[in-house]
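> Dumping the structure here so I can ask a few things about it.
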Amino acid sequence: MACGTPVVTSNCTAMPEIAGGAAILVDPVSVEEISVAAKRLLEDSQLRRTLAEKGVIRAREFKWSDVAAKVESVLTMLDVTAELAQGHRVS
238 MACGTPVVTS
248 NCTAMPEIAG
258 GAAILVDPVS
268 VEEISVAAKR
278 LLEDSQLRRT
288 LAEKGVIRAR
298 EFKWSDVAAK
308 VESVLTMLDV
318 TAELAQGHRV
328 S
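Count along the sequence shown starting at 1, add 237, and that's the number in this note's numbering.
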């Protein structure tokens, strides 16, 4: 997506949320769905352009600095929670 390549991805797990409307979603175990999606991309230049443009925009929303900040926030919360739990232990 970040490179401007149209994407076909799984409709399972977090992929629909990650794709955010910038990819064709398919059942990952359906050869038929995957082949139909690939054929659509090969035959529809407007769809390719649209997904490529949307993909670049969507990929910009995922930055390592943002991920690092979120992980740090969760770890800090867990540390505070652990400290509180230790302070309330019954001996």
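We put the CB at the ideal spot given by N, CA and C, even for glycine.
This structure is a prediction, so every number in the text was calculated from the model and none was measured.
Candidates Ala251, Met314, Thr313, Arg285: which alpha carbon is nearest Pro243's?
Mapped onto the sequence shown, residue 243 falls at position 6. The option with the nearest alpha carbon to Pro243 is Arg285.
> Determine the direct distance from the alpha carbon of Leu315 to that of Val266, and round the result to whole angstroms.
As a first step, residue 266 must be located in the sequence shown, where it is residue number 29. As a first step, residue 315 must be located in the sequence shown, where it is residue number 78. About 37 Å.
> Given a threshold of 16 other Cβ atoms within 10 Å of its Cβ, counted over all protein chains shown, does Ile261 qualify as buried or as exposed?
In the sequence shown, counting from the first residue as 1, residue 261 sits at position 24. Buried: at least 16 other Cβ atoms inside 10 Å.
> Quick one: give me the first and last residue of the beta strand (DSSP E) that Ser247 is part of.
Looking up residue 247 in the sequence shown gives position 10. 245-247 is the span of the beta strand (DSSP E), which, as asked, contains Ser247.
> Skipping 5 residues on each side, what residues in its chain have a beta carbon closer than 7 Å to that of Gly258?
Within the sequence shown, numbered from 1, the residue matching residue 258 stands at position 21. Here the set comprises Lys291.
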